[in-house]
Amino acid sequence: MPNSGLEFDLSQMSQKQERFFMSRKRFIGYGGARGGGKSWAVRHKAVLLAMKYPGIKILILRRTYRDLERNHVRELVPMLKGIAKYYAQDKYFRFDNGSIIEMGYCAAESDVLQYQGVEYDVIFIDEATQFTWEMFTKIYPSARGANDFPHRLYLTFNPGGVGHEWVKRLFIVKRYIGDEDPDEYDFIFANVYDNKVLQEKDPDYVKMLNALPDGLREAWRDGNWNMLAGRYFKEFDYNIHVIEPFEIPKHWTRYRAIDYGLDCLACVWAAVDELGNYYIYREYAESDKVISDGAKDIIALTGDEEIRYTAAPPDLWARSQESGKGKADLFYEAGLMLNKSNNNREAGWLAIKEALKVYDAGMSDGVMLKESRLKIFSSCTRLIENLPALQCDEKKPTDLRQFLKHNTIKT
Ligand SMILES: Nc1ncnc2c1ncn2[C@@H]1O[C@H](COP(=O)(O)OP(=O)(O)OP(=O)(O)O)[C@@H](O)[C@H]1O
Ligand SMILES: [Mg+2]
């Protein structure tokens, strides 16, 4: 497609992106793997539509405000300089021709209500697998209107996340139910190898994908949806389990849990409130750290917080042949005393599943509130990204796949 004379550059558009731009179906799926130029395609297609159809109303959605801001607003503001004005308060771009691109997010189930009943001509859902089916079913009817504009939904996604199953059904397996019309769906697969710009600009991105643990690598790099079918923490829902950080009251008991694998030292900090609810409030994960340095980092991050104990897996007490010392000794020498945790990993994982379980916490304004005993601060981004992707052990579905024991996924 030739450069349309705008300030932005379409010259490096991939063939897949071009197909995405040209599709005329009602529901257009794009990507299916990481790094295929999904977010770029969303931004540019939205702008092209806004320029082509004066007065069109477009909505771009991400699951969280932070992702919306970092992924799209920051890119669109300079890109649309002189073309559209950004109204930060209400989060929309207005073009001289009257077109609007509104920037939205749905961190909580109730956020969807803002978009329900409002008419948009075109809706983009970037990272659709982060949206629940309930959210999607409330959002998609809003792409309508008694006008001649196209009425479409563009969805980009990769495997994993709360929306894994419904996105897979509609765009990958294509098993339609009820009055869903197969002719209304289109899917254009693209992965990182379709994105030449990224491969050139950031070769480490491909390396990162290659270094992912088995299962996640096939899912994110190759777009294999079956690898994540056996998600272990199926209960995990961003909407319920992730909360904004707050100051932990001093009297709550705090713990740390650490693991040290072949290439990674990981630590999470947890606090327990008066009712026995858990809050994961900090995380640390570093690769290629020697124990003494890692221990120092963990101590520094902890500051003057009082930690009841620091749980660590028993294998850290195994003595090395050369030094006769265990890793736990090295932590101790660096000032970090560890407490040996129970070796029953499976019981530990099941306890986390139990704590993640969602329960009805009563009605508020006609909406059933959902709660769980375990919450994670939104600042713990790696944990949040990895938990939903963790896999069951095929032979023992109550256990996690062995690779997890010593892998923290670097993203
Ligand atoms: N046609 C293009 N022209 C120029 N740059 C592009 C193009 N397509 C993608 N890029 C750049 O490649 C990088 C990755 O693209 P993008 O963020 O759209 O991928 P993604 O599929 O959304 O990735 P992720 O799965 O990590 O969200 C970005 O820096 C983006 O600007
Ligand atoms: Mg993206």
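Here the sequence shown is numbered in the numbering used here, starting from 4 and rising by one per residue. Heads up, the beta-carbon is just placed ideally off N, CA and C, and yes, glycines get one too. All values derive from a computational prediction rather than experimental measurement.
Exercise for the section: Report the residue ranges of all alpha helix (DSSP H) runs contained in full by the stretch 103 to 148; include only those spanning at least 4 residues, in chain order. Expected result: The stretch 103 to 148 contains these whole alpha helix (DSSP H) runs: 136 to 142.
Exercise for the section: Go ahead and pull the three-state DSSP assignment for ARG285. Expected result: Residue 285 sits at position 282 when you count from the first residue of the sequence shown. ARG285: strand per DSSP, three-state reduction.
Practice task
Might you give, ordered along the chain, the residues of its own chain that have their beta carbon closer than 6 Å to the beta carbon of ARG285, omitting 5 neighbours on each side?
Solution key: As a first step, residue 285 must be located in the sequence shown, where it is residue number 282. So the qualifying residues of the chain are TRP272.
Practice task
Would you give the residue range spanned by the alpha helix (DSSP H) that ASP207 belongs to?
Solution key: If you number the sequence shown from 1, residue 207 lands on position 204. From DSSP, the alpha helix (DSSP H) with ASP207 extends over 206 to 213.
Practice task
Let me know the secondary structure DSSP gives ASN2 once reduced to three states.
Solution key: In the structure as shown, the chain begins at 4 and stops at 414. Residue 2 is therefore absent and cannot be evaluated.
Practice task
With hydrogens ignored, establish whether the beta-carbon of MET16 is closer than 6 Å to any heavy atom of ligand 1.
Solution key: Sequence index remark: in the sequence shown, residue 16 carries index 13 (1-based). At least one heavy atom of ligand 1 sits closer than 6 Å to the Cβ of MET16.
Problem - Rounded straight-line distance, which links the Cα of ILE180 to that of GLU277 - result: Position 274 of the sequence shown, counted from the first residue, corresponds to residue 277. Position 177 of the sequence shown, counted from the first residue, corresponds to residue 180. About 46 Å.
Exercise for the section: Could you tell me whether any non-hydrogen atom of ligand 2 is closer than 6 Å to the CB of LYS41? Expected result: To locate residue 41, count along the sequence shown from 1; it is residue 38. LYS41: yes, Cβ under 6 Å from ligand 2.
Problem - Supposed contact pair GLY338 and ALA298 - C-beta distance, whole angstroms, cut 8 Å - result: Counting from one through the sequence shown, the residue named residue 298 turns up at place 295. Counting from one through the sequence shown, the residue named residue 338 turns up at place 335. About 6 Å; that satisfies the 8 Å criterion.
Practice task
Confirm, please, whether the CB-CB distance from CYS270 to SER290 is below 7 Å.
Solution key: Locating residue 290 in the sequence shown gives position 287, counting from the first residue. Locating residue 270 in the sequence shown gives position 267, counting from the first residue. A distance of 7 Å or more separates the beta carbons of SER290 and CYS270.
Problem - Contact set for GLN15: own chain, Cβ-Cβ below 8 Å, skip 5 residues either direction - result: Within the sequence shown, numbered from 1, the residue matching residue 15 stands at position 12. Shown here for GLN15: same chain residues with a beta carbon closer than 8 Å to its own, the five before and five after excluded, namely LYS199 and VAL200 in chain order.
Problem - Distance cut-off 6 Å: ILE200 Cβ against heavy atoms of ligand 1 - result: Numbered from its first residue, the sequence shown carries residue 200 at position 197. The amino acid occupying residue 200 in the given sequence is Val; Ile does not appear at that position. Yes, the beta carbon of VAL200 sits closer than 6 Å to at least one heavy atom of ligand 1.
Practice task
Let me know if GLU247 comes out buried or exposed under the rule of 16 or more other beta-carbons within 10 Å of its beta-carbon.
Solution key: As a working mapping, residue 247 is identified with position 244 in the sequence shown. Label assigned to GLU247: exposed.
Exercise for the section: Could you have a look at SER295 and say whether DSSP puts it in helix, strand or coil? Expected result: Residue mapping note: residue 295 aligns to position 292 of the sequence shown, counting from 1. Note: SER295 maps to helix in three-state DSSP.
Exercise for the section: State yes or no: is the C-beta of GLY32 nearer than 6 Å to some heavy atom of ligand 1? Expected result: For the purposes of this step, residue 32 is taken as the residue at position 29 of the sequence shown. Not under cutoff, so the answer is no.
Practice task
Leaving aside the five residues before and after TYR362 along the sequence, list all residues of the same chain whose C-beta is less than 8 Å from its C-beta, in chain order.
Solution key: The residue given as residue 362 occupies position 359 in the sequence shown. Result list for TYR362: LYS373, GLU374 and SER375, in chain order.
Practice task
Give the single residue among TRP320, HIS75 and MET230 whose Cα lies nearest to the Cα of GLU105.
Solution key: Position 102 of the sequence shown holds residue 105. Taking only the C-alpha atoms, the option nearest GLU105 is HIS75.
Practice task
Within its chain, find whatever has a CB closer than 6 Å to the CB of GLY101; leave out the 5 residues flanking it on each side and keep chain order.
Solution key: As a working mapping, residue 101 is identified with position 98 in the sequence shown. In chain order, PRO57 and GLY58 place their CB closer than 6 Å to the CB of GLY101, counting only its own chain and leaving out the 5 sequence neighbours on each side.
Handout entry: Enclosing beta strand (DSSP E) for ASP189 [first to last residue]
Key = Taking the sequence shown and counting its residues from 1, the one referred to as residue 189 is at position 186. Start and end: 188 to 193.
Exercise for the section: Starting from SER367, trace the beta strand (DSSP E) both ways and give me its first and last residue. Expected result: The count along the sequence shown starts at 1 and reaches residue 367 at position 364. Boundaries of the beta strand (DSSP E) harbouring SER367: 362 to 367, taken from the DSSP string.
Exercise for the section: Please determine if the stretch 147 to 161 and the stretch 42 to 61 are in contact, where contact requires at least 3 C-beta pairs separated by less than 8 Å. Expected result: Between the stretch 147 to 161 and the stretch 42 to 61 there are three or more C-beta pairs closer than 8 Å, enough to call the two in contact.
Practice task
Return the CA-CA distance between LEU173 and VAL370, expressed in angstroms with no decimal places.
Solution key: As a working note, residue 173 is residue 170 in the sequence shown. As a working note, residue 370 is residue 367 in the sequence shown. Rounded to whole angstroms, LEU173 to VAL370 spans 27 Å at the Cα level.
Exercise for the section: Please classify GLY8: is it buried, with 16 or more other beta-carbons within 10 angstroms of its beta-carbon, or exposed? Expected result: For the purposes of this step, residue 8 is identified with residue 5 of the sequence shown, where counting begins at 1. Confidence is the limiting factor: at GLY8 the pLDDT is only 44, short of 50, which leaves the residue's position unreliable, though a coordinate-based value still follows. Exposed, since its Cβ has fewer than 16 Cβ neighbours within 10 Å.
Problem - Where ASN242 sits in the DSSP three-state scheme - result: What you label residue 242 is simply residue 239 of the sequence shown in a count that begins at 1. DSSP places ASN242 in the helix class (H, G or I) of the three-state scheme.
Problem - heavy atom of ligand 1 below 6 Å from ARG322 C-beta - result: Along the sequence shown, read from residue 1 onward, the residue named residue 322 stands at position 319. No, the beta carbon of ARG322 sits no closer than 6 Å to any heavy atom of ligand 1.
Exercise for the section: Could you tell me if ILE3 is buried or exposed, where buried requires 16 or more neighbouring beta carbons within 10 angstroms of its beta carbon? Expected result: Residue 3 lies beyond the stretch modelled for the chain, which goes from 4 to 414, so this question has no answer here.
Problem - PRO316 to ARG69 span [Cα, whole Å] - result: If you number the sequence shown from 1, residue 316 lands on position 313. If you number the sequence shown from 1, residue 69 lands on position 66. Going by C-alpha positions, PRO316 is about 34 Å away from ARG69.
Problem - Reduced DSSP secondary structure (H/G/I, E/B, other) of THR256 - result: Indexing the sequence shown from 1 puts residue 256 at position 253. Reduced to three states, the DSSP call for THR256 is strand.
Practice task
Determine the burial state of SER42: buried for a count of at least 16 other Cβ atoms within 10 Å of its Cβ, exposed for fewer.
Solution key: Here residue 42 is taken as the residue at index 39 of the sequence shown, counted from 1. Buried, because 16 or more other Cβ atoms sit within 10 Å of the Cβ of SER42.
Problem - Nearest neighbour of ARG65, chosen from LEU52, MET82 and LYS94 [CA to CA] - result: Here residue 65 refers to the residue found at position 62 of the sequence shown. The shortest C-alpha separation from ARG65 is found at LYS94.
Exercise for the section: Could you tell me whether any non-hydrogen atom of ligand 1 is closer than 6 Å to the CB of GLY38? Expected result: To locate residue 38, count along the sequence shown from 1; it is residue 35. Remark: the C-beta of GLY38 is in contact range of ligand 1, defined as less than 6 Å to any heavy atom.
Problem - Own chain residues within Cβ distance below 6 Å of TYR123, not counting five before or after - result: As a working note, residue 123 is residue 120 in the sequence shown. Same-chain partners within the cutoff: LYS60, LEU62, SER145 and ALA146.
Exercise for the section: Report the rounded CA-to-CA distance for ASN6 versus ARG22, giving the unit in angstroms. Expected result: In the sequence shown, the residue the question calls residue 6 occupies position 3. In the sequence shown, the residue the question calls residue 22 occupies position 19. Residue placement at ASN6 is flagged as unreliable, the pLDDT there being 41, under the threshold of 50; a coordinate-derived value is accordingly withheld.
Practice task
Please say whether TRP228 and ILE191 have beta carbons closer to each other than 7 Å?
Solution key: Position 188 of the sequence shown holds residue 191. Position 225 of the sequence shown holds residue 228. No, they are not a contact pair.
Exercise for the section: Identify which residue in ILE251, GLU78 and PHE139 has its Cα closest to the Cα of THR305. Expected result: The residue given as residue 305 occupies position 302 in the sequence shown. With distances taken between CA atoms, THR305 lies nearest to ILE251 out of ILE251, GLU78 and PHE139.
Handout entry: Endpoints, the alpha helix (DSSP H) within which ARG46 is located
Key = Here residue 46 corresponds to residue number 43 of the sequence shown, with the count starting at 1. First-last of the alpha helix (DSSP H) with ARG46: 41 to 55.
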